[in-house]
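Read through the structure below, which is laid out as structure tokens, and then see the notes.
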Amino acid sequence: MAEEVKLIRTWSSPFALRIVWALKLKGIEFETVLEDLASKSPLLLQSNPVHKKVPVLVHNGKPVSESLVILEYIEETWKEKPLLPEDPYEKASSRFWAKFSDEKLLPSVWTVFISQGNKQEEALVPALENLQFIEEQLEGKKFFGGEKIGLLDLAIGWMADMVSVLEEVTGLKLIQEDKFPLLSAWIEIFADVPEIKESGAPREKLISKFQAIRDAYAATK
Amino acid sequence: MASEEVKLIGYWASAYRFRVEWALILKGVEYEYIEEDLFNKSPRLLELNPVHKKIPVFIHNGKVVLESLVILEYIDEIWKNNPLLPQDPYERAMIRFWAKFADEKLVLSAYLAMCSLEDEKGKAEKITEAMEALERIEGELKGKSFFGGESIGYLDLALGWISHWLPVWDEVGSMKILDPLKFPAIISWMNRFTNHKVIKNKLPPRDKMVVFFQERSKIISTTLTKNK
Numbered sequence: 032m033a034e035e036v037k038l039i040r041t042w043s044s045p046f047a048l049r050i051v052w053a054l055k056l057k058g059i060e061f062e063t064v065l066e067d068l069a070s071k072s073p074l075l076l077q078s079n080p081v082h083k084k085v086p087v088l089v090h091n092g093k094p095v096s097e098s099l100v101i102l103e104y105i106e107e108t109w110k111e112k113p114l115l116p117e118d119p120y121e122k123a124s125s126r127f128w129a130k131f132s133d134e135k136l137l138p139s140v141w142t143v144f145i146s147q148g149n150k151q152e153e154a155l156v157p158a159l160e161n162l163q164f165i166e167e168q169l170e171g172k173k174f175f176g177g178e179k180i181g182l183l184d185l186a187i188g189w190m191a192d193m194v195s196v197l198e199e200v201t202g203l204k205l206i207q208e209d210k211f212p213l214l215s216a217w218i219e220i221f222a223d224v225p226e227i228k229e230s231g232a233p234r235e236k237l238i239s240k241f242q243a244i245r246d247a248y249a250a251t252k
Numbered sequence: 003m004a005s006e007e008v009k010l011i012g013y014w015a016s017a018y019r020f021r022v023e024w025a026l027i028l029k030g031v032e033y034e035y036i037e038e039d040l041f042n043k044s045p046r047l048l049e050l051n052p053v054h055k056k057i058p059v060f061i062h063n064g065k066v067v068l069e070s071l072v073i074l075e076y077i078d079e080i081w082k083n084n085p086l087l088p089q090d091p092y093e094r095a096m097i098r099f100w101a102k103f104a105d106e107k108l109v110l111s112a113y114l115a116m117c118s119l120e121d122e123k124g125k126a127e128k129i130t131e132a133m134e135a136l137e138r139i140e141g142e143l144k145g146k147s148f149f150g151g152e153s154i155g156y157l158d159l160a161l162g163w164i165s166h167w168l169p170v171w172d173e174v175g176s177m178k179i180l181d182p183l184k185f186p187a188i189i190s191w192m193n194r195f196t197n198h199k200v201i202k203n204k205l206p207p208r209d210k211m212v213v214f215f216q217e218r219s220k221i222i223s224t225t226l227t228k229n230k
């Protein structure tokens with residue numbers, strides 16, 4: 032049965048990358064529609080009129096927005112190679128930590144990287160606290176999903192390349208191996224998974240992009 | 003079946019706690035409710051939810067589940083009678099999307115509008131934001147009795163605060179986000195929802211809520227002004 036799976040994304044959006052990973056891990060064929068957020072396409076505005084953001088998954092003409100919602104949709108539509116555990120409690124735990132990643136972890140890490148001087152030192156406190164919570168979730172596990180990659184790995188996967196790019200741009204080592212041994216190990220094996228490895232945005236491009244963002248923030252002080 | 007441990011730790015004025023409680027009652031699940039004083043948090047709460055230190059906290063046979071929408075999905079997966087979520091993945095995606103939308107856009111705007119005692123311009127902006135978000139929600143009712151269709155579902159529970167908390171916030175904030183001319187579908191849904199046999203017996207007392215939110219808005223308004 033011919034399926035039409037389109038992913039509207041930008042080259043650098045970490046939220047969109049989650050969806051690329053999920054589709055690839057499940058072996059789902061899809062078409063990428065690259066979006067320029069400075070000049071949003073009619074397709075994007077039509078598919079996500081509420082937020083006008085990427086990623087949007089369009090499956091047989093029906094759009095789904097919000098990356099974590101899309102991941103659950105993919106999981107429930109294509110049941111092979113499950114990303115979520117069967118057990119309701121383990122599922123709830125994955126969902127809780129995925130939410131934590133988006134609502135607390137990512138914003139706190141981002142704040143560290145766009146801040147300077149004292150503000151950056153202040154921003155480190157919640158960021159390190161949040162990283163510690165995540166570090167503890169890896170105890171006794173190879174991936175957040177256990178033996179295999181799961182939804183939570185995809186949700187936290189932005190850490191795998193974004194953090195090292197941000198560390199290079201700012202010269203600040205946030206995820207120190209002695210403080211976060213499990214997270215450091217996870218970043219390496221996650222980045223090494225073939226579907227992940229082949230999907231990343233070009234590193235040099237990311238470095239330029241984040242350098243420009245950081246400079247812009249410094250200029251507004 | 004052996005007796006299960008089902009506990010819900012909540013706060014009397016919290017809509018998030020009621021989401022979970024409504025779900026349990028709709029499914030006929032026996033549970034123990036434990037009140038937490040959010041302004042004097044117990045060691046137990048800090049132990050059960052060290053990340054957010056918030057309620058609701060749901061405990062099922064020793065397992066702790068947090069975040070009200072995550073708890074709703076957990077409850078639906080454990081107790082399969084009177085399902086709260088539809089079966090179809092696309093419909094499930096839609097209700098998850100709208101619940102997230104309301105929690106991220108509508109709740110905060112409406113609450114801050116209520117708390118903007120000193121800042122007229124800020125208040126007006128927040129009211130506009132809230133009404134724009136509410137317009138989207140109005141569109142989702144599309145002539146249905148409930149967001150769940152003929153019966154109450156996940157999205158009704160997630161948006162339930164609109165029916166009983168938002169009118170209180172409108173009163174406390176001397177505003178009218180819930181404009182009946184703009185949102186006729188929501189207004190009639192509100193009446194249906196709050197008159198539902200399960201919901202109507204499980205709502206916090208309105209007069210106590212008014213006093214509570216009046217106090218909260220004074221405190222928050224002061225903080226907002228100080229931080230400008």
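Same order as they appear, the protein sequences are chains L and U. To convert a position in the first sequence, counted from 1, into the numbering used here, add 31. To convert a position in the second sequence, counted from 1, into the numbering used here, add 2. Heads up, the beta-carbon is just placed ideally off N, CA and C, and yes, glycines get one too.
Contact check for U:Glu140 against U:Ala187 passes: the beta carbons are separated by less than 8 Å. The bridge partners DSSP lists for L:Arg126 come to none.
In the DSSP assignment, L:Pro225 falls within the unbroken alpha helix (DSSP H) covering 225-228. Interface criterion met: the Cβ of L:Arg126 is under 8 Å from a Cβ in chain U.
For the segment 72-86 of chain U, the residues whose beta carbon sits under 8 Å from a beta carbon of chain L are, in order, Val72, Ile73, Glu75, Tyr76, Glu79, Ile80. Against chain U, the beta carbon of L:Ser96 has neighbours under 7 Å at Phe99, listed in chain order. As the crow flies, the alpha-carbon of U:Ile154 is around 10 Å from that of U:Trp191.
Assigned with DSSP and collapsed to three states, L:Thr142 falls in helix. The C-beta of L:Thr108 comes closer than 8 Å to at least one C-beta of chain U. Counting every other CB atom within 10 Å of its CB across the protein chains shown gives L:Thr108 a total of 16 or more, marking it as buried. Residues of chain U with a Cβ closer than 7 Å to the Cβ of L:Val36 do not exist; the shortest Cβ-Cβ separation is about 13 Å. Three or more beta-carbon pairs separated by less than 8 Å link the segment 117-137 of chain L to the segment 185-202 of chain L, which places the two stretches in contact. Out of U:Tyr113, U:Trp171, U:Glu152, U:Lys107, the CA that lies nearest to the CA of U:Pro88 is found in U:Glu152.
For U:Leu114, there are no C-beta contacts with chain L under 8 Å, since the nearest C-beta of that chain is about 18 Å from it.
Contact check for U:Ser111 against U:Lys128 passes: the beta carbons are separated by less than 8 Å.
Around the C-beta of U:Phe41, fewer than 16 other C-beta atoms lie within 10 Å, and the residue is accordingly described as exposed.
Annotation: the segment 73-142 of chain U contains the following complete segments of the alpha helix (DSSP H) (minimum length 4 residues), in chain order: 91-103, 109-117. By the Cβ criterion, the segment 201-218 of chain U is in contact with the segment 9-25 of chain U, since at least three pairs of Cβ atoms, one from each stretch, lie closer than 8 Å.
With fewer than three CB-CB distances shorter than 8 Å, the segment 135-146 of chain L does not count as touching the segment 106-122 of chain L. Along the segment 39-82 of chain L, the beta strand (DSSP E) occurs as fully enclosed runs of 3 or more residues at 62-65, listed in sequence order. Shown here, U:Pro45 sits in a helix according to DSSP, grouped into three states.
Annotation: the continuous alpha helix (DSSP H) that includes L:Glu152 extends over 148-168. Beyond the five residues adjoining it in sequence on each side, U:Glu137 comes within less than 8 Å, by CB distance, of Lys184, Phe185 in the same chain, given in chain order. Taking C-beta atoms as the reference points, L:Phe144 and L:Asp184 fail to come closer than 8 Å. One alpha carbon belongs to L:Ile39, the other to U:Thr225, and they sit about 41 Å apart. Taking U:Phe195 as reference, the option from U:Trp167, U:Lys220, U:Ala135, U:Lys55 with the minimal CA-CA separation is U:Trp167.
By the Cβ-count criterion, L:Glu97 is buried, with 16 or more other Cβ atoms from all chains shown falling within 10 Å of its own Cβ.
Taken in chain order, the members of the segment 36-66 of chain U whose beta-carbon sits within less than 7 Å of a beta-carbon on chain L are Val53, Lys65. Around the C-beta of L:Asn149, fewer than 16 other C-beta atoms lie within 10 Å, and the residue is accordingly described as exposed.
Annotation for U:Tyr35: the continuous beta strand (DSSP E) segment containing it runs 34-37. Nearest C-alpha to U:Glu131 among U:Leu50, U:Leu108, U:Phe20, U:Asp39: U:Leu108.
Between U:Glu49 and U:Tyr35, the C-beta spacing is not below 8 Å. With a 10 Å radius around the Cβ and a threshold of 16 neighbouring Cβ atoms, U:Ile221 comes out exposed. Taking C-beta atoms as the reference points, L:Ala186 and U:Tyr76 fail to come closer than 8 Å.
Spanning the alpha carbons of U:Met133 and U:Lys178 requires a straight line of approximately 9 Å.
Non-local C-beta neighbours of L:Glu170 in its own chain, meaning closer than 8 Å and more than five positions away in sequence, comprise Leu213, ordered along the chain.
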